[in-house]
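Quick note on numbering: this note's numbering labels position 197 of the sequence shown as 199, and the sequence is numbered without any gaps. All C-beta atoms in this analysis are idealised placements derived from N, C-alpha and C, irrespective of residue type, glycine included. Note sheet for the following structure.
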Amino acid sequence: MKKSVIVLFLVYCNIAFSQNGKVSLKELKMKIGEENTYLYQPPKGVEIPNSAKVRVVYNNNFDFTGGTSALIKKANGYEFTLKVPDSIKYFIAAIVDGKQIIDNNKNNGYDVLLNANGKAARIDLINYGNNVLTGKLGLKLDSKPESILAEYNKMYAKYPEMKEDKSYENYLYLKEVSDKEKTQAEMLAFAKKCEKKTSEEYMIVASRMYGRLKMTEEKKRMEDKITAKYPNGNFEASKFFFDFANNPDKTEAYILERLDLYTKRFKNIPLMYTDYFYQSLLKIYVENKDFQKMEQYENLLSKKGNAAYLYNDYAWNLSGEDLVTPAKDIDYAEKISKRSLDIIADLKKQSDFPDDFSGAYNMFADTYALILYKQNRFDEAFQYQDNLNSTGGLDTGGKERYAGMLEKVKGSEAAKKYIEEELSKGTNSRVMLAQLETIYKKLNLPMDGFKTIKTKFTATVDANIKADIVKKYGSTDAINFSLKNLEGKVVNLSDLKGKVVVLDFWATWCGPCKASFPAMQELVTKYKDKNVEFLFVNTWEKGKDNETTEKVTTFIKDKKYSFNVVFDYDDAITGKYKIEGIPTKIVIDKNGTVIAFGSSEQDLSPLIDEQLSL
């Protein structure tokens, strides 16, 4: 009887969730591990082309992927077949025809619940994978934290038993941002509930909760229990994987030995994890120029596009990354850059949705054009960049390179016209502005014309940045704080008025943060005796405050960085500055006004120089 109730519930949900059209399982019971047939009933008045397909997205261990299937016309609607991983409890669907969205349920998508325990899956998918839903299905869903919390609360009001589900962890993490003290009490209560359960997944949730609460001893005790009960389970598999990932000295022999042990010891390994081993090997073979092994491991990847990204990154680093910096090993860079383009071109041909690869193609073609330029193949380089420009495939950096190539191939007048058009549209590029000034001088044009453009450009850029900052914080005033630094002294942001201040939010576990530090050290040294203060705000660390202090102190000393590190132990300041990812850099002017948010280390020097000149 219990199974029948669940089946009826699922059928009800599949129909009730669709507002106009309907998507539902054809059979009363889903066949696990097999293809299932689904019914699609279009809304009235919607014409479905013969070439239309259904496209679905689901969350497979934070890999927001899915699939497509042909629609088969039936007397009362359409059918399609689809096989999803056994762990998937929910997917969201839309009807598409190439680039065109035919029916996505008025931008909401069609929800298909596959398991009665998957009620939170839609909310989690919107919370973590909304960009994918927008890009692949054309959905327009509200993913603001307060909106996601409201969705959770609606679900808990209707299904209070879902507060016992492991998905409650995600709700608590979101809630903690706005109500930390109350939420942490709820976290502790939920951790204790999860600890009492015998399944590994709930024990892991308990461990994470204790870690979030910085209850080091409880976290360690929980981890020991998990290891004892599930020596070859998911926790040990993750621990094994992250120990491998964090090893900075990965030799070919070490990777092969770890991969062999990993695949023999653990079962049901997500493909994204084995791919990481293959990519680690691929990186070595790229550095060694071993094309035979590159091809071998390229073909083992579940997502071959990852090899293309790796090749592009390596080629980009060799290219010099701009038009003036000398390139390294440019002929090899050309070969692997071209390989990245060939892989993406093949994937586009094989895909029902080739536009999914347009972003990658544009990025890789931009790299290839720069490399051709460095090989003095100016006309070929310009052709690639011109094609990207005509299709809207260039970001600001790409436009800067295009402007340089345009002047080289077509002359200064053509470059002048392009740059002036871009700046008038609001393109924020000080590189193009500098190029335009040089062109004015080269062509002996009246500098008053350039000064007018520069004044308008500066005003537009400043206004846009200010609007973004006000939208984020409510005003441009920097949020004051008092935090202890490595020396135990309290640093008050308000005391630094009169100086340009750079805040750099980081953590010891953050690879990109640490990768940016050599460049940041150069800036710290450059502005050592200037009216500039760099504050490296350590945040989002795990463990007790004294453990964090010791870990950070050791790291800074070992690297010989002369950083003024301040500790946001409880992450309160990070929350007030609405930091969503690290590293994040914020620039504050001498008056205590936020003038830039999310700047890269490359952007900082001109920003600082500009402020010092005022």
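* To do: Could you tell me the boundaries of the alpha helix (DSSP H) in which R341 lies?
  => 332–352
* Between the CA atoms of Y204 and M224 - distance to the nearest angstrom -> 11 Å
* Between the beta-carbon of N63 and the beta-carbon of P272, is there less than 7 Å? -> yes
* Asked: Which value, in whole angstroms, describes the spacing of the CA atoms of K4 and E552?
  -> Low confidence applies here, because K4 scores a pLDDT of 34, under 50, leaving its location unreliable and the question unanswered by this model.
* Decide yes or no for the touch test of the segment 507–522 against the segment 441–456: beta carbon pairs closer than 8 Å, at least 3 of them. => no
* Asked: Leaving out the 5 sequence neighbours to the left and right, which residues in its chain are closer than 8 Å to F459 when beta-carbon positions are compared?
  -> L425, L435
* Given that a residue counts as buried once 16 or more other Cβ atoms are within 10 Å of its Cβ, and exposed if not, what is Y363? -> buried
* **Rounded separation between N290 and D348 - CA only** => 25 Å
* Candidates S607, S89, D388, K195, of which the one nearest L116 by Cα -> S89
* To do: Give the straight-line distance between the Cα atoms of D605 and K75, rounded to the nearest whole angstrom.
  => 55 Å
* Under the three-state DSSP convention, the category Q437 falls into -> helix
* Asked: Run through DSSP, which three-state label would K499 get?
  -> coil
* Helix or strand or just coil, what does DSSP make of T265? -> helix
* Quick one: which unbroken alpha helix (DSSP H) runs of 4-plus residues sit fully inside the segment 449–499? Chain order, please. => 449–475
* Take the Cβ of N378 as the centre, count every other Cβ of all protein chains shown within 10 Å, and call the residue buried at 16 or more, exposed below. => exposed
* Asked: Apart from the five residues just before and just after Y529, which ones in its own chain have a Cβ nearer than 7 Å to its Cβ?
  -> I610
* Going by C-alpha distance, which of I481, K194, L343 is nearest N593? -> I481
* Find the nearest neighbour of K401 within the set Y571, Q387, V411, judged by alpha-carbon distance. => Q387
* Asked: For Q377, which three-state DSSP category applies?
  -> coil
* Asked: What runs of the beta strand (DSSP E), each 3 residues or longer, lie entirely inside the segment 492–559?
  -> 492–494, 502–508, 534–540
* Any beta strand (DSSP E) of 3 or more consecutive residues that is wholly inside the segment 80–105 -> 92–99, 102–105
* To do: Output the distance between the C-alpha atoms of Y313 and E300, rounded to the nearest integer angstrom.
  => 11 Å
* Verify whether the separation of the beta carbon atoms of P51 and N22 is less than 7 Å. => no
* To do: State the DSSP-derived secondary structure class of K295, mapped to helix, strand or coil.
  => helix
* Asked: Just how far apart, CA to CA, sit E29 and K216?
  -> 48 Å
* Asked: Per DSSP, what kind of secondary structure is S20 in: helix, strand or coil?
  -> For S20, the predicted structure reports a pLDDT of 39, less than 50, and the residue's modelled location is therefore unreliable. The matter cannot be settled from this model.
* Asked: When burial is assigned at 16 or more other CB atoms within 10 Å of the CB, is A469 buried or exposed?
  -> exposed
* To do: Specify, as a first and last residue, the run of the alpha helix (DSSP H) that S304 falls within.
  => Neither: S304 is in no alpha helix (DSSP H) and is coded neither H nor E.
* Asked: Contact between the segment 587–602 and the segment 489–502: three or more CB pairs below 8 Å?
  -> yes
* Would you say N109 and L141 are within 7 Å of each other, going by their C-beta atoms? -> yes
* Beta-carbon separation (whole angstroms), I332 vs L343, contact threshold 8 Å -> Incorrect: roughly 16 Å between the Cβ atoms, too far for contact.
* Asked: Does the segment 461–475 come close enough to the segment 556–563 to have 3 or more Cβ pairs within less than 8 Å?
  -> no
* Asked: On the three-state DSSP scale, how would you describe V596?
  -> strand
* Per-residue DSSP class, three states only, for Y275 -> helix
* In terms of residue numbering, what span does the beta strand (DSSP E) encompassing G394 cover? -> Neither: G394 is in no beta strand (DSSP E) and is coded neither H nor E.
* Does the beta-carbon distance from N129 to I150 come in below 7 Å? -> yes
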